[in-house]
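Student:
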Amino acid sequence: MLEKCNRFLILIPSHVPKSMACLRGQREADFLLIYAHTRGKSTILVLSRIFRKCLKMTTVKTTVKRIVFPEAESGVSGSYSSGKDTVDYSEEEPVFPAPLMSNEMPKEDLIWFIQDQALECFKNIAEYNQVESYFFWRIMELFCCENGKVMMCEVGAIIFQVYTWLRKKLPKCNGGNRWKEWCLPLADLLSSSAPYDEHREAIIKMGDDLASRSWTYAAHLCYIMAKVELGSRSQFELIGCDSIMPFDLNIPFKAFVRTETYEYMLSLTSGLAQPSFQIWKLCQASRLAIVDFIDLAYKYCENIARAAFTFPNRIKRSFVEWLILLSCKLLDEKAEEPEWLLELRQMHRTKLANTNGDPEQHMASTSHDLVSEIQDLKCSLRTEEIPALQSPDLEQHTYQSAVFQSRYTLGKLLGIGIFSYVYEGVRTEDGKEVAIKFIQKDETETITIPGETQELPVEVALMKMVSRPPCCSNVVELLEWFDIAEQYVMVLERPSPCMNLYKFTELQDGRLSEAQARDIMLQVIRAARHCCDRGVLHRDIKDKNLLINIDTLEVKLINFGCGELLTDTIYKEFSGTSFFVPPEWLRNEEYMGIPATIWGLGILLFCLTCGNYPFDLEEEVHDEQLELCPDMSPECFDLIMWCLDFNPETRPSFDDLVRHEWFTEAVQDRVQIPPETKDHVQ
Numbered sequence: 001m002l003e004k005c006n007r008f009l010i011l012i013p014s015h016v017p018k019s020m021a022c023l024r025g026q027r028e029a030d031f032l033l034i035y036a037h038t039r040g041k042s043t044i045l046v047l048s049r050i051f052r053k054c055l056k057m058t059t060v061k062t063t064v065k066r067i068v069f070p071e072a073e074s075g076v077s078g079s080y081s082s083g084k085d086t087v088d089y090s091e092e093e094p095v096f097p098a099p100l101m102s103n104e105m106p107k108e109d110l111i112w113f114i115q116d117q118a119l120e121c122f123k124n125i126a127e128y129n130q131v132e133s134y135f136f137w138r139i140m141e142l143f144c145c146e147n148g149k150v151m152m153c154e155v156g157a158i159i160f161q162v163y164t165w166l167r168k169k170l171p172k173c174n175g176g177n178r179w180k181e182w183c184l185p186l187a188d189l190l191s192s193s194a195p196y197d198e199h200r201e202a203i204i205k206m207g208d209d210l211a212s213r214s215w216t217y218a219a220h221l222c223y224i225m226a227k228v229e230l231g232s233r234s235q236f237e238l239i240g241c242d243s244i245m246p247f248d249l250n251i252p253f254k255a256f257v258r259t260e261t262y263e264y265m266l267s268l269t270s271g272l273a274q275p276s277f278q279i280w281k282l283c284q285a286s287r288l289a290i291v292d293f294i295d296l297a298y299k300y301c302e303n304i305a306r307a308a309f310t311f312p313n314r315i316k317r318s319f320v321e322w323l324i325l326l327s328c329k330l331l332d333e334k335a336e337e338p339e340w341l342l343e344l345r346q347m348h349r350t351k352l353a354n355t356n357g358d359p360e361q362h363m364a365s366t367s368h369d370l371v372s373e374i375q376d377l378k379c380s381l382r383t384e385e386i387p388a389l390q391s392p393d394l395e396q397h398t399y400q401s402a403v404f405q406s407r408y409t410l411g412k413l414l415g416i417g418i419f420s421y422v423y424e425g426v427r428t429e430d431g432k433e434v435a436i437k438f439i440q441k442d443e444t445e446t447i448t449i450p451g452e453t454q455e456l457p458v459e460v461a462l463m464k465m466v467s468r469p470p471c472c473s474n475v476v477e478l479l480e481w482f483d484i485a486e487q488y489v490m491v492l493e494r495p496s497p498c499m500n501l502y503k504f505t506e507l508q509d510g511r512l513s514e515a516q517a518r519d520i521m522l523q524v525i526r527a528a529r530h531c532c533d534r535g536v537l538h539r540d541i542k543d544k545n546l547l548i549n550i551d552t553l554e555v556k557l558i559n560f561g562c563g564e565l566l567t568d569t570i571y572k573e574f575s576g577t578s579f580f581v582p583p584e585w586l587r588n589e590e591y592m593g594i595p596a597t598i599w600g601l602g603i604l605l606f607c608l609t610c611g612n613y614p615f616d617l618e619e620e621v622h623d624e625q626l627e628l629c630p631d632m633s634p635e636c637f638d639l640i641m642w643c644l645d646f647n648p649e650t651r652p653s654f655d656d657l658v659r660h661e662w663f664t665e666a667v668q669d670r671v672q673i674p675p676e677t678k679d680h681v682q
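The sequence shown begins at 1 in the numbering used here and counts up by one.
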């Protein structure tokens with residue numbers, strides 16, 4: 001008998017040799033499924049795509065492998081069989097037909113891919129989380145084949161059969177009798193005859209219980225069976241992923257694929273995409289663009305935009321700006337903007353109007369026009385605008401030393417750098433507290449400030465540029481400097497009482513509340529922007545280079561020792577802390593100044609809110625999975641994700657940062673400072 005299902009689906013009795021099967025149709029098939037009845041079981045033969053050109057041949061020969069699914073060997077009387085428990089397949093690996101939420105996505109290709117994933121999991125069933133992954137793909141196969149209409153007892157039967165088979169085949173599994181102990185209770189619960197709503201709530205409750213015991217993947221299987229919306233339960237963002245924010249380009253991609261498949265499965269009955277998953281798809285599109293999969297990245301952008309149109313109230317303005325920015329980068333310069341992109345711009349204008357914004361002004365910020373910024377910067381750096389600080393005569397080191405000693409009194413040592421050390425100091429004239437930094441001359445390069453001719457030590461020059469009026473209250477000011485025998489001496493303002501932000505965070509259980517982090521990050525962004533506006537690239541903005549006044553909570557950026565003049569050209573050398581190195585430097589050993597700064601701000605925000613650096617080593621930027629705090633707000637999560645976009649061209653601008661909903665819409669809770677903090681001030 002012959003049954004058509006969009007493509008070719010041919011049922012062949014077991015006595016007919018597969019080599020004699022006649023494969024012919026009216027249109028080209030992406031692949032063929034041949035169901036051959038064998039001893040009451042069903043066999044699936046997935047033919048390779050290379051046979052698409054051979055459809056008119058009377059015979060087809062292919063080398064296939066056969067794997068028997070555990071349901072076929074379970075021997076459980078009366079158990080449910082999906083009819084697809086033995087699979088023959090070709091050597092060719094099927095491709096994930098992304099994006100799935102596209103009208104052009106061939107469903108048969110997805111089913112083929114799902115079956116292949118199930119086979120891979122089964123072949124490695126004894127490895128970590130492969131049992132859960134196998135269950136996931138078998139569930140997805142059922143839902144896709146039945147257009148989302150699957151009875152829970154069908155899945156319960158599969159789980160029971162597989163678990164029974166595994167206990168026979170793998171008797172020495174780690175954990176003994178407690179190995180995968182959730183399987184039988186879940187199978188039993190899925191087979192319940194309770195009313196649907198009551199049944200669904202019980203499954204969700206079991207998922208919550210499993211999640212509380214750190215059995216995250218098993219919990220996700222419960223949520224999947226209950227068709228729970230992504231993001232509505234704790235850590236239910238990416239299927240099978242314990243960590244909420246993955247950065248690996250291989251293994252976590254599997255979590256993304258699983259989650260996109262689940263989104264598609266839900267859409268079979270709801271017709272809708274998942275709002276919380278769109279940010280993951282946007283990150284995926286950005287990464288695809290980096291490796292030159294431009295067409296696929298562009299399709300994802302369109303897919304995301306069309307999804308956003310169905311739930312506009314659940315999409316943030318900053319997300320729309322990010323999506324527009326990436327879409328425009330991918331769009332051919334000569335091509336007209338498609339209808340969906342024009343509609344997306346209209347959505348953006350509407351959201352701006354709702355927040356009393358200026359659409360033209362806000363959209364201009366997404367252009368990242370560094371050339372005009374640098375030109376404006378150079379025009380502003382006229383010689384007469386730079387403050388008249390002490391300009392030493394290089395031939396009068398003794399005189400400079402005497403002047404310095406007459407004006408300042410040294411106090412205790414505050415800190416030691418590789419080529420410098422910093423002391424407390426007091427200005428004798430008025431008793432003003434200052435910080436005095438000594439820098440070794442033989443380890444210091446010199447540069448010329450735009451608009452001047454004299455060569456200056458790099459750190460002195462950069463601090464002169466950021467200290468000219470009007471100053472920024474969040475950048476420490478250079479009061480004056482001296483050139484003595486073997487050292488340069490910089491006299492800096494010193495807030496009191498203060499400590500660096502690293503110590504401040506450590507005294508508050510290692511992480512800050514979002515209210516505290518929000519207040520601090522706004523000041524840090526202001527400082528970073530001020531530096532860039534003055535033509536200075538700091539390159540080492542981190543918690544240890546930020547002083548905080550514990551009385552006023554005012555933050556000041558210090559230590560320009562890794563800094564450089566900001567240009568609109570590519571930097572070929574990196575200077576700074578390895579924890580903050582941007583991925584473009586690891587890939588190509590080059591980066592642009594402002595996007596690298598934005599990446600560093602994202603790392604800093606992660607540190608403040610999560611209590612640790614996201615990566616232990618430079619190489620782990622591509623390998624690590626970041627563990628965010630479970631109580632993190634969606635707005636904070638979104639901001640971190642945007643700052644840590646692997647594509648430097650689509651990271652936010654400074655304007656995008658300060659307009660982000662995490663700053664503009666979040667409740668500004670009063671920051672509470674523990675009393676013991678004041679015992680550790682400098």
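Quick reminder that beta carbons are idealized off the backbone N, C-alpha and C, glycines included. On a predicted model such as this, the values are computed, not experimentally measured, just so you know.
1. Start and end of the alpha helix (DSSP H) containing residue 309?
2. Going by beta-carbon coordinates alone, are residue 557 and residue 474 separated by less than 8 Å?
3. For residue 499, which residues does DSSP report across the bridge?
4. According to DSSP, is residue 642 helix, strand or coil?
5. Measuring CB to CB, does residue 601 end up less than 8 Å from residue 536?
6. Going by DSSP, which residues form a beta bridge with residue 490?
7. Looking at the structure shown, is residue 240 part of a helix, part of a strand, or coil, going by DSSP?
8. Under the three-state reduction of DSSP, which class applies to residue 595: helix, strand or coil?
9. How do the stretch 296-306 and the stretch 99-108 stand: do at least 3 beta-carbon pairs fall below 8 Å, yes or no?
10. Using CA atoms only, rank isn't needed, just tell me which of 571, 286, 408 and 291 is closest to residue 539.
11. Beta carbon of residue 144, beta carbon of residue 190: below 8 Å?
12. So what's residue 181 in DSSP terms, helix, strand or just coil?
13. Is the separation between the beta-carbon of residue 230 and that of residue 255 shorter than 8 Å?
14. Distance, Cα to Cα, residue 114 vs residue 264?
15. Consult DSSP for residue 451 and reduce its assignment to one of helix, strand or coil.
16. Closest to residue 348 by C-alpha separation, out of 164, 167 and 308, would be which residue?
17. Quick check on the burial criterion: 16 or more other C-beta atoms within 10 angstroms. Buried or exposed for residue 377?
18. When DSSP labels each residue in this structure, what does residue 415 get in the three-state scheme?
19. For the structure I just gave you, are there three or more beta carbon pairs, one from the stretch 630-644 and one from the stretch 547-554, closer than 8 Å?
20. For residue 160, which residues of its own chain have a beta-carbon under 6 Å away from its beta-carbon, when the five flanking residues on both sides are left out?
21. By DSSP, does residue 542 sit in helix, in strand, or in coil?
22. Please check the pair residue 323 and residue 282, which I expect to be a contact at CB under 8 Å, by giving their CB distance rounded to whole angstroms.
23. What do you get for residue 419, buried or exposed, if any count of 16 or more other CB atoms within 10 angstroms of its CB means buried?
24. Do the stretch 460-477 and the stretch 409-424 make contact, defined as three or more Cβ pairs closer than 8 Å?
25. In or out: residue 417 buried (at least 16 other Cβ within 10 Å) or exposed?
26. Determine the closest residue to residue 647 out of 655, 592 and 94, with distance taken between C-alpha atoms.
27. Which value, in whole angstroms, describes the spacing of the CA atoms of residue 293 and residue 287?
28. I'd like to know whether the C-beta atoms of residue 285 and residue 326 end up nearer to each other than 8 Å.
29. Name, in chain order, the residues that DSSP records as bridge partners for residue 457.
30. Hey, quick one: how far does the alpha helix (DSSP H) through residue 424 stretch, first residue to last?
31. Throw me the rounded Cβ distance for the residue 549 and residue 559 pair, which I believe falls under 8 Å.
32. When the Cα of residue 276 is compared with those of 318, 533 and 232, which residue comes out closest?
33. Is the CB-CB distance between residue 511 and residue 609 below 8 Å?
34. Let me know the secondary structure DSSP gives residue 95 once reduced to three states.
35. Here's the rule: buried if 16 or more other CB atoms are within 10 angstroms of the residue's CB, otherwise exposed. What is residue 310?
36. What would DSSP say about residue 613, mapped onto helix, strand or coil?
Tutor: Once the coordinates are examined:
1. For the purposes of this step, residue 309 is taken as residue 309 along the sequence shown, with counting starting at 1. 294-310 is the span of the alpha helix (DSSP H), which, as asked, contains residue 309.
2. Here residue 557 refers to the residue found at position 557 of the sequence shown. Here residue 474 refers to the residue found at position 474 of the sequence shown. Yes; because the gap between Cβ atoms is below 8 Å, this pair is in contact.
3. Numbered from 1 along the sequence shown, position 499 holds the residue referred to as residue 499. Answer by DSSP bridge pairing, in chain order: 548.
4. Walking along the sequence shown from the start, residue 642 turns up at place 642. In the three-state DSSP reduction, residue 642 falls in the helix class (H, G or I).
5. Numbered from its first residue, the sequence shown carries residue 601 at position 601. Numbered from its first residue, the sequence shown carries residue 536 at position 536. Contact: no.
6. What you label residue 490 is simply residue 490 of the sequence shown in a count that begins at 1. Answer is 437 and 481.
7. Here residue 240 corresponds to residue number 240 of the sequence shown, with the count starting at 1. Coil.
8. Counting from 1 along the sequence shown, the entry for residue 595 is found at position 595. Judged by DSSP in its simplified three-state form, residue 595 adopts helix.
9. Under the three-pair Cβ rule at 8 Å, the stretch 296-306 counts as touching the stretch 99-108.
10. Working through the sequence shown from its first residue, we reach residue 539 at position 539. Minimum Cα distance to residue 539 is reached at 571.
11. Translated into positions along the sequence shown, residue 144 becomes position 144. Translated into positions along the sequence shown, residue 190 becomes position 190. If you check the CB distance, residue 144 and residue 190 do not come in under 8 Å.
12. As a position in the sequence shown, residue 181 is number 181, starting the count at 1. Note: residue 181 maps to coil in three-state DSSP.
13. For this step, residue 230 is matched to residue 230 along the sequence shown. For this step, residue 255 is matched to residue 255 along the sequence shown. With a cutoff of 8 Å on beta-carbon distance, residue 230 and residue 255 are scored as not near each other.
14. Locating residue 114 in the sequence shown gives position 114, where the first residue counts as 1. Locating residue 264 in the sequence shown gives position 264, where the first residue counts as 1. Distance between residue 114 and residue 264, taken at the CA atoms: about 12 Å.
15. Numbered from its first residue, the sequence shown carries residue 451 at position 451. Note: residue 451 maps to coil in three-state DSSP.
16. Against the sequence shown, residue 348 aligns to sequence position 348. Nearest C-alpha to residue 348: 308.
17. To locate residue 377, count along the sequence shown from 1; it is residue 377. The predicted position of residue 377 is uncertain, since its pLDDT is 38 and thus under 50; a value taken from the coordinates is nonetheless stated next. Buried is the label assigned to residue 377, since at least 16 other Cβ atoms lie within 10 Å of its Cβ.
18. Working through the sequence shown from its first residue, we reach residue 415 at position 415. DSSP places residue 415 in the strand class (E or B) of the three-state scheme.
19. Verdict: no, contact absent.
20. Position 160 of the sequence shown, counted from the first residue, corresponds to residue 160. These residues qualify, in order along the chain: 187.
21. Counted from its first residue, the sequence shown places residue 542 at position 542. Residue state, collapsed to three classes: coil.
22. On the sequence shown, position 323 is the one that residue 323 refers to. On the sequence shown, position 282 is the one that residue 282 refers to. Contact holds; Cβ gap of about 6 Å.
23. If you number the sequence shown from 1, residue 419 lands on position 419. In the assembly as shown, residue 419 is an exposed residue. Its beta-carbon has fewer than 16 other beta-carbons within 10 Å.
24. Counting Cβ pairs under 8 Å, fewer than three are found: no touch.
25. Residue mapping note: residue 417 aligns to position 417 of the sequence shown, counting from 1. Within a 10 Å sphere around the beta-carbon of residue 417 sit fewer than 16 other beta-carbons, which makes this residue exposed.
26. Taking the sequence shown and counting its residues from 1, one reaches residue 647 at position 647. Closest option to residue 647, Cα to Cα, is 592.
27. Taking the sequence shown and counting its residues from 1, one reaches residue 293 at position 293. Taking the sequence shown and counting its residues from 1, one reaches residue 287 at position 287. The alpha-carbon atoms of residue 293 and residue 287 are separated by roughly 9 Å.
28. Residue mapping note: residue 285 aligns to position 285 of the sequence shown, counting from 1. Residue mapping note: residue 326 aligns to position 326 of the sequence shown, counting from 1. Going by C-beta atoms, residue 285 is nearer than 8 Å to residue 326.
29. Stepping through the sequence shown from its first residue, residue 457 is reached at position 457. Note: residue 457 is bridge-paired with 446 in the DSSP secondary-structure output.
30. Walking along the sequence shown from the start, residue 424 turns up at place 424. Here residue 424 belongs to no alpha helix (DSSP H); instead the beta strand (DSSP E) covers 420-427.
31. To locate residue 549, count along the sequence shown from 1; it is residue 549. To locate residue 559, count along the sequence shown from 1; it is residue 559. So it is not a contact: roughly 17 Å between Cβ atoms.
32. Mapped onto the sequence shown, residue 276 falls at position 276. Comparing Cα positions, the closest option is 232.
33. For this step, residue 511 is matched to residue 511 along the sequence shown. For this step, residue 609 is matched to residue 609 along the sequence shown. Residue 511 places its beta carbon less than 8 Å from that of residue 609.
34. Locating residue 95 in the sequence shown gives position 95, counting from the first residue. Three-state result, residue 95: coil.
35. In the sequence shown, the residue the question calls residue 310 occupies position 310. Looking at its Cβ environment, which holds fewer than 16 other Cβ atoms inside 10 Å, residue 310 is exposed.
36. By 1-based counting over the sequence shown, the position of residue 613 is 613. In the structure shown, residue 613 falls within a coil segment according to DSSP collapsed to helix, strand and coil.
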